[in-house]
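Data block below; observations after.
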Amino acid sequence: MKEPRSVIVKTLVVDRDPAKVYQFFLNLKNWETGGALKNIKKKDEWWETDTPFGKARIRLRQNQDFLILDHDFQTRDSQWTVFCRVTPNERGSAVSWLFIRPEGMSQNEFESQLKNFEIETENWKKAIESK
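Numbering (this note's numbering), first residue to last: 5 to 135.
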């Protein structure tokens with residue numbers, strides 16, 4: 005077995021019921037409100053999108069009972085599984101994303117790929133709380 009790779013964890017706290025937050029992220033078209041993903045289209049079990057790094061495909065592996073929104077993210081150069089959870093937090097929710105550095109990707113490249121994720125989470129927060 006290989007040694008563990010580095011991880012980056014991102015979070016979002018939002019003043020909305022966990023079920024509503026889960027439903028928001030379950031519809032990948034809503035991910036466009038984050039600002040990084042564009043032209044999201046469903047194709048079979050995958051969603052295709054344009055990203056700042058080129059074309060990508062996303063496949064959700066959700067579990068509504070446990071508010072899990074794990075997803076596979078594929079680009080031409082890399083593939084990762086993102087572990088995503090919506091967690092009840094008082095009257096609102098906390099959303100967490102755990103990214104494991106893809107094999108063959110340098111630490112600098114990994115950090116660079118995720119450096120603007122906070123912009124997306126802030127935009128998602130605005131979109132969710134405005135509904």
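Glycine is no exception: its CB is placed at the ideal position from the N, C-alpha and C atoms.
It should be emphasised that the depicted structure is a prediction, and the values quoted were computed from it without experimental measurement.
For residue i and residue j, what's the separation of their Cα atoms in angstroms?
i, j, result
"Asp54", "Asp76", "15 angstroms"
"Gly108", "Trp84", "11 angstroms"
"Leu30", "Lys24", "10 angstroms"
"Ile123", "Ile104", "20 angstroms"
"Gly58", "Gly39", "14 angstroms"
"Ser110", "Lys6", "16 angstroms"
"Ile62", "Arg95", "30 angstroms"
"Gln117", "Gln78", "13 angstroms"
"Ser82", "Pro106", "7 angstroms"
"Lys135", "Phe114", "33 angstroms"
In the DSSP assignment, the alpha helix (DSSP H) including residue i goes from what residue to what residue?
i, result
"Glu133", "121 to 133"
"Gln111", "111 to 118"
"Phe28", "22 to 30"
Within the same chain, show all residues whose beta-carbon is closer than 8 angstroms to that of residue i, passing over the 5 residues directly before and after it, in chain order.
i, result
"Arg80", "Gly58, Lys59"
"Cys88", "Phe29, Ile72, Leu73, Asp74, His75, Val99, Ser100, Trp101, Leu102"
Residues in its own chain within less than 6 angstroms of residue i by CB, not counting five upstream and five downstream?
i, result
"Lys1", "Past the edges of the chain, shown from 5 to 135, lies residue 1, and the structure says nothing about it."
"Val90", "Pro22, Val25, Tyr26, Leu71, Ser97, Val99"
"Ala131", "Thr37"
Please look up how many angstroms separate the CB atoms of residue i and residue j, rounded, as I've assumed it's under 8 angstroms.
i, j, result
"Leu102", "Val13", "5 angstroms"
"Ala98", "Val11", "Not confirmed; about 17 angstroms, so no contact."
"Glu126", "Arg20", "Contact flag wrong, Cβ pair sits at about 15 angstroms."
For residue i, collect the residues of the same chain with a Cβ closer than 7 angstroms to its Cβ; drop the 5 residues on either side in sequence, then sort them by chain order.
i, result
"Trp35", "Leu41, Ile44"
"Trp137", "The requested residue 137 does not occur in the structure, where the chain is confined to residues 5 to 135."
Could you check where the beta strand (DSSP E) with residue i kicks off and where it finishes?
i, result
"Lys59", "58 to 67"
"Glu49", "No beta strand (DSSP E) holds Glu49; DSSP gives it neither H nor E."
"Lys14", "11 to 18"
"Thr91", "83 to 93"
"Ala98", "96 to 104"
"Thr37", "Per DSSP, Thr37 belongs to no beta strand (DSSP E) and is neither H nor E."
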